[in-house]
Amino acid sequence: MDDGLSVYYFTASMDSGRTLCSLLKAIQFQESAVFCALPEGLKLTVEEGKCVQASAYVPSDNFTEYHVRENVDVMFKISIAVLAECLNIFGSGEESSLKMYYRAEGSPLLLVYVLTLLLFSSYFMCTSKL
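Under this note's numbering, the first residue of the sequence shown is numbered 322, with each subsequent residue one higher.
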């Protein structure tokens with residue numbers, strides 16, 4: 322990977338953020354979710370009082386590009402409400418594509434939306450302590 326992406330623990334691209342947005346809405350009963358990027362796909366888990374747990378899973382082949390660095394655990398807490406709202410505003414249209422980047426533990430999750438002629442980016446603070 323000489324394209325500058327080797328500095329990231331996790332990178333992914335989708336033609337549209339609509340699928341991810343729908344999955345987030347389905348499990349949005351708590352403020353935060355555990356974001357876990359596995360080699361097989363992306364998993365988001367929400368838990369309430371150690372009694373109820375819901376997970377959303379997107380297989381890696383649903384992404385146009387998907388990479389998780391070997392021997393690195395990519396797991397952090399993120400505000401599911403803020404992420405879902407941002408995806409709903411910018412990434413739910415068919416004419417937009419979504420790219421996600423996560424550099425290292427303690428760094429924010431970077432979302433880049435490419436609309437037909439516009440480019441938006443958002444940073445989401447992540448909590449590494451679960």
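Just so it is clear, CB atoms sit at the ideal spot from N, CA and C, and this is done for glycine as well.
For residue 343, no beta strand (DSSP E) segment is defined; the enclosing uninterrupted segment is the alpha helix (DSSP H) at 339-347. The DSSP-derived three-state label of residue 408 is helix.
Under DSSP, residue 399 forms a beta bridge with 354.
One Cα belongs to residue 365, the other to residue 356, and the distance between them is close to 5 Å. When DSSP states are grouped into helix, strand and coil, residue 418 belongs to the strand group. Here residue 362 is bridged, per DSSP, to 359, 380. Cβ-Cβ separation between residue 359 and residue 401: approximately 18 Å, too far for a contact (criterion under 8 Å). Beyond the five residues adjoining it in sequence on each side, residue 388 comes within less than 6 Å, by CB distance, of 332 in the same chain, given in chain order.
DSSP places residue 393 outside both helix and strand once states are collapsed to three, so it counts as coil. Around the beta carbon of residue 350, a 10 Å sphere encloses fewer than 16 other beta carbons of the protein chains shown; the residue is thus reported as exposed. Within the model, the alpha-carbon separation for residue 423 versus residue 396 is close to 10 Å.
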